[in-house]
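Position one of the sequence shown corresponds to residue 1 (the UniProt record's numbering), numbered consecutively onward.
To start, the structure itself, in structure tokens.
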Amino acid sequence: MSYKAALNFSDGVTRFVDVNTGEVLLDAALRQGIKLPMDCREGVCSTCKGICISGEYAQDYVDEDALTESDLAGGAVLTCQMKLSSNSAIDFDCSSKVCNFSGPEIINAIVDSVVLISDTTAMLKLDASDENKMIDFLPGQYANLRIPGTDQWRSYSFAHNPNEKNKLQFLIRRLPSGVMSDYLGQRAAPGDKIELKAPMGSFYLRQTKRPLLFVAGGTGLSAFLGILDDMMLAPEAFPKATLIYGVTHENDLCEIEYLFHLQNEMEGFSFKTVVLKPTARWTGNKGLVTDIIDEKDVNAGDVDVYLCGPPPMVDAVDEWFQGRGLEGYTLRYEKFSAS
Numbered sequence: 001m002s003y004k005a006a007l008n009f010s011d012g013v014t015r016f017v018d019v020n021t022g023e024v025l026l027d028a029a030l031r032q033g034i035k036l037p038m039d040c041r042e043g044v045c046s047t048c049k050g051i052c053i054s055g056e057y058a059q060d061y062v063d064e065d066a067l068t069e070s071d072l073a074g075g076a077v078l079t080c081q082m083k084l085s086s087n088s089a090i091d092f093d094c095s096s097k098v099c100n101f102s103g104p105e106i107i108n109a110i111v112d113s114v115v116l117i118s119d120t121t122a123m124l125k126l127d128a129s130d131e132n133k134m135i136d137f138l139p140g141q142y143a144n145l146r147i148p149g150t151d152q153w154r155s156y157s158f159a160h161n162p163n164e165k166n167k168l169q170f171l172i173r174r175l176p177s178g179v180m181s182d183y184l185g186q187r188a189a190p191g192d193k194i195e196l197k198a199p200m201g202s203f204y205l206r207q208t209k210r211p212l213l214f215v216a217g218g219t220g221l222s223a224f225l226g227i228l229d230d231m232m233l234a235p236e237a238f239p240k241a242t243l244i245y246g247v248t249h250e251n252d253l254c255e256i257e258y259l260f261h262l263q264n265e266m267e268g269f270s271f272k273t274v275v276l277k278p279t280a281r282w283t284g285n286k287g288l289v290t291d292i293i294d295e296k297d298v299n300a301g302d303v304d305v306y307l308c309g310p311p312p313m314v315d316a317v318d319e320w321f322q323g324r325g326l327e328g329y330t331l332r333y334e335k336f337s338a339s
């Protein structure tokens, strides 16, 4: 039996390795061409230290000078001693460049379809089934896509969790004179070849027992669709989760029917929308995402907050929390600018 370990590096690169039962993580990584930092290999020096953010494991021997009790309680591990008993994710405070492998993998895909899912948003569906292995990523991460016929790349969050068929989906905002928008609206056709670099980014769900607050601005929803898609596989493993989804105009809203489906299927999940510049016909929440955060959402500070959207939105939510004097919360974010 084997387990999958996601190795997340400080430069935003993630690599996946298969770890056999009884095999230490360091050896598994070396076997697959990833040279993690190491020295003693005996659990003494802490050179191979990482932080396990999700998963079950045991460690053979850890010297008290290498990791303190506080370190261990915080998920610190030594890869030369770590043996997995489930799929896991480990963060490393070093660049992937020190591990003697190149950056994100190049993935070759073809366009399956382009579906207009709101007046301003398209769902780009790609088929990478010709790849000889499943494309791995952590839900919430993104890929860099090379726009066909150009040397320009754009970044988009996966709107789903990994799947063996390598069917990929991305929410893309349609912009006047946007390079990707022009391609999708004028030239895109099924069968077009697209190159991707993936996985990218450090925005993904950490293991937690605390309530979750997700805040999405515009097509920042894409990352949360991936996270929620993954949560649906084992909803009982996750705590209460609330999604706040903000857009500029009500015709920017998309995937609402799917969000209602998730709300009906996952006990503890709920969502609410807010529109900044609604028409007179709009009867829902009006204003900014910060206008509809309430006390139940923040649980007196005992909450893990994830933000994905334009920089002004992310900064506004950060300032909202700081201004309330709340303590204990964690805040993770992915800022992006549509282009």
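We put the CB at the ideal spot given by N, CA and C, even for glycine.
Reduced DSSP category for residue i - H, G, I as helix; E, B as strand; rest coil
| i | result |
| --- | --- |
| N144 | strand |
| L175 | coil |
| A29 | helix |
| T273 | strand |
| R41 | coil |
| E250 | helix |
| Y183 | helix |
| S222 | helix |
| K167 | strand |
| D230 | helix |
| I244 | strand |
| V289 | helix |
| K335 | strand |
| K97 | helix |
Span of the alpha helix (DSSP H) around residue i
| i | result |
| --- | --- |
| N264 | 256-265 |
| G323 | 311-323 |
| E295 | 295-298 |
Whole-angstrom C-beta distance between residue j and residue i, which should lie under 8 Å
| i | j | result |
| --- | --- | --- |
| D252 | G201 | Actually they do not touch by this definition, with Cβ atoms about 23 Å apart. |
| E327 | G301 | 5 Å |
| A241 | E334 | 17 Å between Cβ atoms; not a contact. |
| P190 | V111 | 6 Å |
| L78 | C48 | 5 Å |
Endpoints, beta strand (DSSP E) assigned at residue i
| i | result |
| --- | --- |
| M123 | 121-127 |
| A234 | A234 -> no beta strand (DSSP E), and no H or E assigned at all. |
| A6 | 2-8 |
| T208 | Taken as a continuous stretch (DSSP letters only), T208 belongs to no beta strand (DSSP E), as it is neither H nor E. |
| Y156 | 153-157 |
| R15 | 14-20 |
| D112 | 105-118 |
| G217 | 212-217 |
| M134 | Premise fails: M134 is in no beta strand (DSSP E) and is neither H nor E. |
Beta-bridge partners of residue i, as assigned by DSSP
| i | result |
| --- | --- |
| G268 | G268 is not bridged to any residue. |
| Y306 | F214, R332 |
| I34 | According to DSSP, which records beta bridges pairwise, I34 is partnered with nothing at all. |
| E195 | N108 |
(Q) Give the list of continuous beta strand (DSSP E) stretches no shorter than 3 residues that lie fully inside the stretch 42-94. (A) Here the runs fully enclosed are 49-54, 57-59, 76-78, 82-84, 88-91.
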